[in-house]
Amino acid sequence: MKFEVYDKAKWHYDSKDMPKDLPAIAGATHIAFFVRWCVENDLMSREIEEDCAEELQQIKNKELDCRDFFFDDMDGVLTSNEFNTKGKQFAAAYYHSDKTKFAKKFGYYLADYDNWVKNKLGSQYNPDTSYFYVENSEENYNEIKEICNKRYSEFLKG
Numbered sequence: 001m002k003f004e005v006y007d008k009a010k011w012h013y014d015s016k017d018m019p020k021d022l023p024a025i026a027g028a029t030h031i032a033f034f035v036r037w038c039v040e041n042d043l044m045s046r047e048i049e050e051d052c053a054e055e056l057q058q059i060k061n062k063e064l065d066c067r068d069f070f071f072d073d074m075d076g077v078l079t080s081n082e083f084n085t086k087g088k089q090f091a092a093a094y095y096h097s098d099k100t101k102f103a104k105k106f107g108y109y110l111a112d113y114d115n116w117v118k119n120k121l122g123s124q125y126n127p128d129t130s131y132f133y134v135e136n137s138e139e140n141y142n143e144i145k146e147i148c149n150k151r152y153s154e155f156l157k158g
């Protein structure tokens, strides 16, 4: 598979929409939720598994904020290099584009995330800024995890 950049924290924390009252890490919560789900489902590359074994275990044990891992160990950039073969296939099909065959049939992560934020916030939803304010909590992660689980199941079924 070709090398792909799926997302960068910088694209969010450097955007004109990033609220000035929030730290840069708030621009990466949505990415970190996806990365954490991939870690928990053993979709990371062999290189990351070898180089970051302790950090991956800490993420699985809920001892490490995955946003910190994303910034410190992945340089704030989500690329195809971070995933094993199955992870690359899933991320390429699901993460950022509505143009893939899978996304056209089932949806894609960024739209699923946006819809989740919209449902969570109701009338307080702002399409430009709301996702920056999503709390990096277990409750929120578990809700996103359920969405990812569903999409991954759909992905595996083809």
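Position 27 of the sequence shown, counted from 1, bears residue number 27 in UniProt numbering, the numbering being contiguous throughout. Just so it is clear, CB atoms sit at the ideal spot from N, CA and C, and this is done for glycine as well.
Fill in: C-beta atoms of Val39 and Leu56 nearer than 7 angstroms
As a first step, residue 39 must be located in the sequence shown, where it is residue number 39. As a first step, residue 56 must be located in the sequence shown, where it is residue number 56. Closer than 7 angstroms, so yes.
Worksheet item: Which same chain residues, not among the five before or five after Asn78, have their C-beta less than 6 angstroms away from its C-beta?
Response: On the sequence shown, position 78 is the one that residue 78 refers to. In the sequence on display, residue 78 carries Leu and not Asn. Cβ within range, chain order: Tyr6, Asp7, Ile31.
Worksheet item: Are the stretch 59 to 76 and the stretch 10 to 29 in contact at 8 angstroms, needing three or more beta carbon pairs?
Response: yes
Discussion item. Starting from Val39, trace the beta strand (DSSP E) in both directions and tell me its first and last residue.
Written reply: Counting from one through the sequence shown, the residue named residue 39 turns up at place 39. That residue, Val39, is in no beta strand (DSSP E); its alpha helix (DSSP H) goes 29 to 40.
Practice prompt. Could you have a look at Leu78 and say whether DSSP puts it in helix, strand or coil?
Written response: What you label residue 78 is simply residue 78 of the sequence shown in a count that begins at 1. Note: Leu78 maps to strand in three-state DSSP.
Discussion item. I'd like to confirm the pairing. Which residues does DSSP put opposite Leu44 in its beta bridges?
Written reply: Against the sequence shown, residue 44 aligns to sequence position 44. The sequence as given places Met at residue 44; Leu does not occur at that position. In the DSSP output, where bridge partners are listed per residue, Met44 has Phe83.
Worksheet item: With a Cβ-Cβ cutoff of 7 angstroms, do Gly87 and Ala9 count as a contact?
Response: Here residue 87 refers to the residue found at position 87 of the sequence shown. Here residue 9 refers to the residue found at position 9 of the sequence shown. Contact flag unset, no.
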